[in-house]
Every structure is written in C-alpha cells, then in structure tokens.
Amino acid sequence: LRSQQVNGDDAGRRPRRRLEGTGSSDTTVSLWQVARQNWRSLLGAGGYCAILNGCRNSWMMALPLHAHNLKLSKEMIGVAVAMFRALDASVTLTLAGPIMDRYGRT
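Counting in this note's numbering, the final residue of the sequence shown is number 156, and the numbers go up one at a time with none missing.
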C-alpha cells in the first residue's frame, strides 16, 4: 500500500484507486464517486438480490412453523430443517457454482 499524503482535500481519506485501461496514469476515481454516479443501478441490483435472497431463505421460517402447525415433534422438525439445509447446500455447490462460473462472466 502506498503511504497516504496529507495535502488539503486528501487528509484523512483512503487512497484512491487508479482506473486501468484509460490511457492516462493520472486518472483516479474514488469509490464514493462511483457510488454517487451509479446509485440507481446499485440500488436496483442490490434490491433484486435482497428479494431473491429473502425468497431463498424464507423456508427457514416457514418450514418449522408449518411443521409445528402439523403437530410434529421438535426432533422431527429439526431433522426436516437439517435435510432441507443439506439439500440447499448441495444444490448451491453442485449446480449454482458452475452455472455462475460459465454464464456469469460474459
């Protein structure tokens, strides 16, 4: 890491990252500038990911509640939750990883 220079506006801030492939070695942009310029895209992508993650993990709450409603024992509920977590992990590791590796880098 390069040492931080204390001169005027840069005092106390993180060092800025250089843009690669711009042709100029003096072009720098801060993370804040990128976030401010692209906040709509970042908010849309982040919101979409949050909704998908919520849908994916909603069974963690719904399954035990439904099993309790069916008057299953705590042990049976625990076994069902463990089986579904193992299924979720195996699907994620065996299917989602290779799909993201193959099609996510386009």
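For glycine and all other residues, C-beta sits at the position ideal for the given N, C-alpha and C. Small disclaimer: the values here were computed from a predicted structure and weren't measured.
Simplified DSSP assignment, three categories, for residue i
i: residue 125; result: helix
i: residue 135; result: helix
i: residue 147; result: helix
i: residue 119; result: helix
i: residue 108; result: coil
i: residue 88; result: coil
Inter-residue CB distance, residue i and residue j (contact presumed, cutoff 8 Å)
i: residue 127; j: residue 136; result: Residue 127 to residue 136, Cβ: 15 Å. No contact.
Through-space distance from residue j to residue i, alpha-carbon basis
i: residue 107; j: residue 140; result: 15 Å
i: residue 86; j: residue 96; result: 15 Å
i: residue 81; j: residue 89; result: 12 Å
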